[in-house]
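Chains C and G, in that order, are what the protein sequence lines are.
Note that the working numbering has the first sequence beginning at 953, numbered continuously upward.
Note that the working numbering has the second sequence beginning at 335, numbered continuously upward.
Where a beta carbon is used, it is the ideal one built from N, C-alpha and C, also for glycine.
No experiment lies behind these values; they were computed from the predicted model shown.
Only one structure is covered here, and it is reproduced in the block below.
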Amino acid sequence: MRVFLHGRLVSIACRAAPMTESLALAPAAPHRKTVFVPRHALVTRLTHWLNALCIFGLLMSGLNIFMAHPALYWGQYGADADRPAFEIGAESRESGPPKGFVRFGEATTLDTTGVLGAVRDDDGDWHQRAFPYWATLPASRDLSIARRWHFFFAWLFVANLAAYYAFGLINGHLRRDLVPSPAQLRPSALLSDVIHHLKLQFPQGEAARHYNPLQKLAYLGVIGLLLPLVALTGMTMSPGLDAIFPWLIDLFGGRQSARTLHFIAANLIVLFVLVHLAMVVLAGPINEIRSMITGKLKIVSQDPDGSLP
Amino acid sequence: MSRLLIPRRKFLGLGALGLGAAALGFSGRPADAASFEELIAHAQSLTYGAQRLLGRNALAREFSAKDISPVFKVNGTHMPDTTEYEALLAGDFATWRLQVEGLVATPLSLSLADLHALPQRTQITRHDCVEGWSAIGQWQGTPLAEILKRAAPLPAARFVVFHCADFYERAADGTGQYYESIDLVDAFHPQTILAHSLNGEALSVGHGAPVRLRVERQLGYKQAKYVMRIELVERFDRIGRGKGGYWPDRGYEWYAGI
């Protein structure tokens, strides 16, 4: 079983061995062995952290850019005289702080004073601003600097994503680690994984060497759908790229629709990051983060015959 | 005349520079904030190079009449506050002349009637403001290429500068006059026109009467209004604050195709 410490092919061969048989042969109580197993390839780790950096930079500079016109439209055009589908705003009041609001369509208006629309700076003074100071890059409202940051990180993000796809296809990471097996996609397997997640039970031992079905689907959804969506809708906002790739305009039903989808995709990415971080904390933050940096995951292996080194 | 302004080697080099900047972020060395902002600004050159490489002659989408915005928002200057402009407006621009000068073999001085007598182009296009909003309108005017052909740019000419009548924000030193500049790829692009009409009517003062630039593959701040003088230059570092336009002088990208 020492083979577990070595390369992937060897471990795959080992995985194919009938574990139940060796368990059945074990006469005594199994020994518990702590081993560090290769979990994440170097390219996966590098692209992961570069992507994390880009996502944070893009999100925070994107919020600053959005403050220049905090309204979303559907279709080809949309400006002050047109009806927004979504809007963040503020109303001055006779006394006291301005009232911040978020409006969906014409009907639903939420009071978001202090969080969105009207926020306080470090000195406690109120400002009519879509997002809090801590959430934007740069902190002060500055469209030109925010755009510089956004496009710098956008280039890096797209290059990094392309590198990830290329390596993922070449070294088999996408197919081997992320595509769920037919067995994992059975309703019973998915249901059981949902229950495990709800009970906050995370894979231990051998099972921790691989992603569980929900994890695979979440990662595939982000890597295969959400990240390309946010990149393509971002590109659709560029008048230069719209001329070069006019199909982008048709794909999303117009530049303003693309801008709205860009905002929705960014929000879904935030949601993913929050769940992703929560899962890291719940599954054992030290071991998980260590594996994301060094590539090695600590697993406590049930070693039936005591043959592990 | 249609030479790519960023050589391929420099374009690739800038790509490497971008990745290098990320490495710098990881190194944890305290980076000088100003120089880092300079560094990230190089992404602009990457965007410019990529868009020129992928489709220098690509046409902007043209829409149908039913796509036209009910209200085309007026942005920037609403009314130039100079006595010269007020006089031109009072005279219905009868004495207005568009000067075409600089690195040209034949300097021109064109009246509105002269512009109308040249070949015309009508296009329904989308105007994208850097702030994020868009408006669609029908523009009619004279292709810039028709004007430039008659002026015959000299081989040294690389940029076309548009000097405007308005001061968007007059600074204490007297600067602040609006201007913009584009490269010759955009200048000779078939959709680049000096528009005199919006949605079938002569341009209103808010939209840049008597003529404004339409350079359809770039953002709104490039669409210079109240154009008075067109100057062909080899470099623009001695005009305004040297960045090629009113908003570029104030931190925005000179190439606004994104």
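Assuming residue i and residue j form a contact by the criterion Cβ under 8 Å, report the distance between their Cβ atoms to the nearest whole angstrom.
| i | j | result |
| --- | --- | --- |
| C:Gly-1041 | C:Phe-1053 | 6 Å |
| G:Ala-394 | C:Pro-1191 | 7 Å |
| C:Leu-1089 | C:Met-1012 | 4 Å |
| G:Pro-544 | G:Leu-446 | 6 Å |
| G:Thr-440 | G:Leu-478 | Their Cβ separation, rounded to whole angstroms, is 15 Å, which puts G:Thr-440 and G:Leu-478 out of contact at 8 Å. |
| G:Phe-629 | G:Thr-459 | The displayed coordinates of chain G run from 335 to 592. Any statement about residue 629 of chain G would go beyond what the structure contains. |
| C:Tyr-1116 | C:Thr-999 | 4 Å |
At least one CB of chain G closer than 8 Å to the CB of residue i: is that the case?
| i | result |
| --- | --- |
| C:Gly-1069 | no |
| C:His-1270 | Past the boundaries of the shown model lies residue 1270 of chain C; chain C is included only from 953 to 1261, so the question cannot be answered. |
| C:Gln-1028 | yes |
| C:Ile-1201 | yes |
| C:Ile-1097 | yes |
| C:Gln-1080 | no |
| C:Phe-897 | Residue 897 of chain C falls outside the range modelled here, since chain C spans only 953 to 1261, and no answer is possible. |
| C:Gln-1136 | no |
| C:Arg-1055 | no |
| C:Gln-1208 | yes |
| C:Arg-1100 | yes |
| C:Trp-1107 | yes |
Report yes or no: is there a C-beta of chain C within less than 8 Å of the C-beta of residue i?
| i | result |
| --- | --- |
| G:Thr-381 | yes |
| G:Phe-397 | yes |
| G:Val-405 | yes |
| G:Arg-575 | no |
| G:Leu-442 | no |
| G:Leu-518 | no |
| G:Tyr-502 | no |
| G:Ala-505 | no |
| G:Ile-564 | no |
| G:Arg-363 | The predicted model places G:Arg-363 with a pLDDT of 42, which falls under 50 and marks its position as unreliable; any figure quoted below should be read in that light. Not an interface residue. |
| G:Ile-458 | no |
| G:Ser-445 | no |
| G:Gly-578 | no |
| G:Ala-486 | no |
| G:Tyr-512 | no |
| G:Tyr-419 | no |
| G:Ile-374 | yes |
| G:Tyr-586 | yes |
Cβ closer than 7 Å: which chain G residues qualify as neighbours of residue i?
| i | result |
| --- | --- |
| C:Ser-1190 | Gly-591 and Ile-592 |
| C:Arg-1211 | Gly-466 |
Which residues mark the beginning and the end of the beta strand (DSSP E) in which residue i is found?
| i | result |
| --- | --- |
| C:Gly-1173 | Here C:Gly-1173 belongs to no beta strand (DSSP E), and DSSP marks it neither H nor E. |
| G:Ala-499 | 493-501 |
| C:Phe-988 | 983-990 |
| C:Gly-1041 | 1038-1043 |
| G:Ser-531 | 527-532 |
| G:Asp-517 | 511-517 |
| G:Glu-565 | 561-567 |
Taking residue i as the query, report the chain C residues whose CB atoms sit under 9 Å from its CB, ordered along the chain.
| i | result |
| --- | --- |
| G:Gln-385 | Ser-1190, Gly-1192, Leu-1193, Ala-1195 and Ile-1196 |
| G:Ile-470 | Gln-1028 and Tyr-1029 |
| G:Glu-371 | Ile-1097, Arg-1100 and Trp-1101 |
| G:Asp-462 | Met-1189, Ser-1190, Pro-1191, Asp-1194 and Arg-1207 |
Alpha helix (DSSP H) containing residue i: first to last residue?
| i | result |
| --- | --- |
| C:Ser-1209 | 1207-1235 |
| G:Glu-480 | 478-485 |
| G:His-450 | 446-451 |
| C:Ser-1144 | 1139-1150 |
| C:Thr-999 | 994-1018 |
Quick one: list the residues of chain C neighbouring residue i, beta-carbon separation under 8 Å, in chain order.
| i | result |
| --- | --- |
| G:Glu-465 | Ala-1020, His-1021 and Leu-1095 |
| G:Gln-552 | Pro-1191 and Gly-1192 |
| G:Gln-378 | Arg-1100 and Phe-1103 |
| G:Ala-479 | Correct list: empty, because the minimum Cβ distance to chain C is about 17 Å. |
Spell out whether any CB of chain B is found under 8 Å from the CB atom of residue i.
| i | result |
| --- | --- |
| G:Asp-583 | Chain labels in this structure do not include chain B; the protein chains are C and G. |
List the residues of chain G that residue i touches, going by C-beta distances under 9 Å, in chain order.
| i | result |
| --- | --- |
| C:Asp-1074 | What C:Asp-1074 touches in chain G: nothing, since even the nearest Cβ is about 19 Å away. |
| C:Asp-1032 | Val-405, Lys-407 and Trp-467 |
Quick one: list the residues of chain C neighbouring residue i, beta-carbon separation under 7 Å, in chain order.
| i | result |
| --- | --- |
| G:Ala-392 | Ala-1195 and Ile-1196 |
| G:Gly-389 | Ala-1195 and Ile-1196 |
| G:Tyr-555 | Within 7 Å Cβ-Cβ: nothing; G:Tyr-555 doesn't reach chain C, min ~10 Å. |
| G:Asp-401 | Gln-1028 |
Is the closest heavy atom of the ligand ATP to the C-beta of residue i under 7 Å?
| i | result |
| --- | --- |
| C:Asn-1239 | Of the ligands one can find in the structure shown there are none, so the ligand ATP has no counterpart to examine. |
Can you list the alpha helix (DSSP H) stretches of 4 or more residues lying completely in the stretch 1180-1204 of chain C, in chain order? With a minimum length of 4 residues, the continuous alpha helix (DSSP H) runs that stay inside the stretch 1180-1204 of chain C are 1191-1196 and 1199-1204.
Which runs of the beta strand (DSSP E) at least 3 residues long sit entirely within the stretch 1058-1128 of chain C? Give them in chain order. Runs of beta strand (DSSP E) with 3 or more residues, each lying fully within the stretch 1058-1128 of chain C, are found at 1060-1063, 1069-1072 and 1078-1081, listed in chain order.
Complete runs of the alpha helix (DSSP H) confined to the stretch 367-433 of chain G [at least 4 residues]: Taken in chain order, the complete alpha helix (DSSP H) segments of 4 residues or longer contained in the stretch 367-433 of chain G are 367-374, 377-389 and 417-424.
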